[in-house]
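The structure under discussion appears below in the form of structure tokens.
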Ligand SMILES: [Zn+2]
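Residue numbers (my numbering), protein chains in the order written: chain A, 1 to 234; chain B, 1001 to 1415.
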């Protein structure tokens, strides 16, 4: 972590931003500030250099064209790669999640991903739209995940990575597993403001970034929201 | 059965039957209390004669109005302005797909003019069916991602719909997506309608480069797409016409957004020969539209209803709403879209300092959003409880589609 504050970097909001992706940045910043931690949020456009000094990087969703463009620019830029090598955390959603793998399918062809994790994505037979819920990997110490998914992709995890959760409702990666977790990287098909319903994932990212455990916050409203959404799919 | 007069004499027999049955079905639907009949009649009519919309539009001079936001209001304002010339058929209840257009034209009987609100997705089809004299394009922004086409995709569909047509386009110069779609048309009138929502047009639809915005102007950094010089613009409360003449527009509808809608209405009507000075007084007579902006009084509370269906609409509603207690209501039923993620695209901080109440099916999503936004609020489980929670006086209600309809029903479908 940089000495003064937690630096949150939203990567290419001009390309990778669909519904509510800004939410993850807002929620992380809010949860840090509520604990008295200074926060700096940075939005880096695709025609700018990616800083490599960030603590938490965010990749959002996007359509095929922008997704492919984002992959090319990040591969040339290398800023995110350097940041992760020096210990930064990454939270990647939807199209951004697919980008962390070796390849993804966009505009009718396979495109090279950032190759950060051992996974690859292609097109599924149907579009997955609706509530997504699952039981997280036990090692993560997280409560059940809940989100909304809206994607046509399917993601295949390699031997070197673990899923974020086992699916109980929805599709996620393939109907069985959802998302990925490896080192300080979390990827998920829970689109948009996934941290609104999963503040514990936000705290996990903050604890990775700061190296310290997060004391609890008054999460009465997020808890009510979680309970309502989890009850709706039960 | 209603007798037919006017242009129906010249309709093909099949179209006559279809029109007649369509009207009857609409009347029956209304009589049975099953909605206002604005869709069912057209649906049945089109089953009998698939070309009914073309037959009904033939012989009328037609204007179409489309866009993500403001099309119902702009259609109403345009119809009011066109009223200077004579009778105008219009789908004023917001039934904006071909079935609704068919019903509206069948119900109106013979009119020399028609002004139709068109759902963005149906523009091409309705242009083909009605050969409009003018098409007005207001704006394009994200609406319901889990089912609607992407913004750039929609702009591309519009572009294809307009290319090579013998129709005049009136378009918003401030929305890059609209400009890109409209500039393929043979003749365009540009209106500076404003764009409160920028987040769907940072990337050029022509070349993919960044779109730069400076003091209301905008341009692509990679190609020749840039803001055209508008012929119509706003100056405070006035609409300025292409000759530089100022027309003071006094509306009963709130906000700058509606003055911009009025400017578009005047620009469309001008293409039919209506002088702005003649139309302006008629615009001032337009009050609420299908409950939008309607005011009702209950238990000494004066309640005004504002509909906000998407992020751009919410920003506009905050601009219109007075600094008084405000109830926000959110649902996520089919007509609203099932996904509430858009809440994070809206900055709710303009509500700071107002007493804010929240309700609706998805009030908890809103609660978390407002907490992160630093806006304090009170959750209430019903509209009645919201009224009880505020002192006598004003209440602004801002709600998305089905939440709006729920509250409107509580107020006896106020209009
Ligand atoms: Zn360009």
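For glycine and all other residues, C-beta sits at the position ideal for the given N, C-alpha and C.
Interface residues of chain A facing residue 1447 of chain B [CB-CB closer than 7 Å]: Any property of residue 1447 of chain B remains undetermined from this structure, which presents chain B solely from 1001 to 1415.
Check: residue 1209 of chain B C-beta below 8 Å from any heavy atom of ligand 1: yes
Length-filtered (3 minimum) beta strand (DSSP E) runs lying within the segment 173–199 of chain A: Unbroken beta strand (DSSP E) stretches of 3 residues or longer found wholly inside the segment 173–199 of chain A: 180–182 and 185–188, given in chain order.
Looking at the strands, I want to know which residues DSSP matches up with residue 57 of chain A. A:9 and A:90
Would residue 1373 of chain B be called buried (16 or more neighbouring beta carbons within 10 Å of its own) or exposed? buried
Hey, is residue 1212 of chain B close to ligand 1, as in C-beta under 8 Å from one of its heavy atoms? Relative to ligand 1, even the nearest heavy atom lies 8 Å or more away from the CB of residue 1212 of chain B.
Give me the DSSP bridge partner(s) of residue 1220 of chain B. B:1211
If you follow the beta strand (DSSP E) that residue 1190 of chain B is in, where does it begin and where does it stop? Here the beta strand (DSSP E) through residue 1190 of chain B covers 1187–1191.
With H, G and I counted as helix, E and B as strand and the rest as coil, what does DSSP make of residue 1398 of chain B? The answer is strand: DSSP assigns residue 1398 of chain B an E or B state.
Expressed to the nearest angstrom, what Euclidean distance is found between the alpha-carbon atoms of residue 65 of chain A and residue 200 of chain A? 32 Å
Cross-chain neighbours of residue 193 of chain A in chain B, by beta carbon under 7 Å: 1341 and 1344
Buried or exposed for residue 1316 of chain B, please, with buried defined as at least 16 other CB atoms from any protein chain shown within 10 angstroms of its CB. Buried, since its Cβ has 16 or more Cβ neighbours within 10 Å.
Taking its Cβ as the centre, do 16 or more other Cβ atoms sit within 10 Å of residue 1388 of chain B, making it buried, or is it exposed? exposed
Distance cut-off 8 Å: residue 149 of chain A Cβ against heavy atoms of ligand 1: no
To the nearest angstrom, report how far apart residue 134 of chain A and residue 1375 of chain B are at their CA atoms. Using only the alpha carbons, I get a separation of about 31 Å.
Quick check on the DSSP output: the beta strand (DSSP E) that includes residue 1044 of chain B runs from which residue to which? First-last for residue 1044 of chain B: 1040–1048, but that is the alpha helix (DSSP H), not the beta strand (DSSP E).
Burial state of residue 1013 of chain B, where buried means 16 or more other Cβ atoms lie within 10 Å: exposed
May I have the straight-line CA-CA distance separating residue 1412 of chain B from residue 1292 of chain B, to the nearest angstrom? 14 Å
Could you confirm whether any beta carbon from chain B is found closer than 9 Å to the beta carbon of residue 173 of chain A? no
Looking at residue 1220 of chain B and ligand 1, is the gap between the Cβ and the nearest heavy atom below 8 Å? yes
Residue span of the beta strand (DSSP E) that contains residue 1226 of chain B, given as start and end: In the DSSP annotation of this structure, residue 1226 of chain B is not part of any beta strand (DSSP E), being labelled neither H nor E.
Rounded to the nearest angstrom, what separates residue 1229 of chain B and residue 1312 of chain B at their Cα positions? 24 Å
Closest residue to residue 48 of chain A among A:56, A:15 and A:195 (Cα-Cα distance): A:15
Within chain A, partners of residue 1338 of chain B - CB distance below 8 Å: 129, 130 and 148
What does the Cβ neighbour count give for residue 1416 of chain B, buried or exposed, with the cut at 16 atoms within 10 Å? Outside the modelled stretch of chain B, which goes from 1001 to 1415, sits residue 1416 of chain B, for which no answer is possible.
Residues in the segment 1179–1209 of chain B having any Cβ partner in chain A nearer than 9 Å: The segment 1179–1209 of chain B vs chain A, Cβ under 9 Å: 1199, 1202, 1203, 1208 and 1209.
Cβ-based neighbour list, residue 1401 of chain B, same chain, cut-off 6 Å, excluding 5 preceding and 5 following: Sequence-distant Cβ neighbours of residue 1401 of chain B in its own chain, meaning closer than 6 Å and more than five residues away, are 1309, 1335 and 1336.
Give a single yes or no on whether residue 111 of chain A has its beta carbon closer than 8 Å to a heavy atom of ligand 1. Outside the cutoff, so no.
In chain A, which residues lie less than 8 Å from residue 1365 of chain B when you measure between Cβ atoms? 196 and 225
Could you tell me whether the Cβ atoms of residue 1046 of chain B and residue 1130 of chain B are closer together than 9 Å? no
Going along the chain, which residues of its own chain have a beta-carbon closer than 6 Å to the beta-carbon of residue 105 of chain A, five neighbours each way excluded? 122 and 123
Below 6 Å CB to CB, which residues in the same chain sit around residue 1261 of chain B once its five sequence neighbours on both sides are set aside? 1070, 1073, 1074 and 1077
Between residue 1223 of chain B and ligand 1, is there a pair consisting of the residue's CB and a ligand heavy atom that are separated by less than 8 Å? Indeed, a heavy atom of ligand 1 lies less than 8 Å from the Cβ.
From B:1113, B:1415, B:1099 and B:1126, pick the residue whose C-alpha is nearest to that of residue 1087 of chain B; which is it? With distances taken between Cα atoms, residue 1087 of chain B lies closest to B:1113.
Excluding five sequence neighbours on each side, which residues of the same chain lie with their C-beta closer than 6 Å to the C-beta of residue 50 of chain A? These residues qualify, in order along the chain: 44, 77, 79 and 80.
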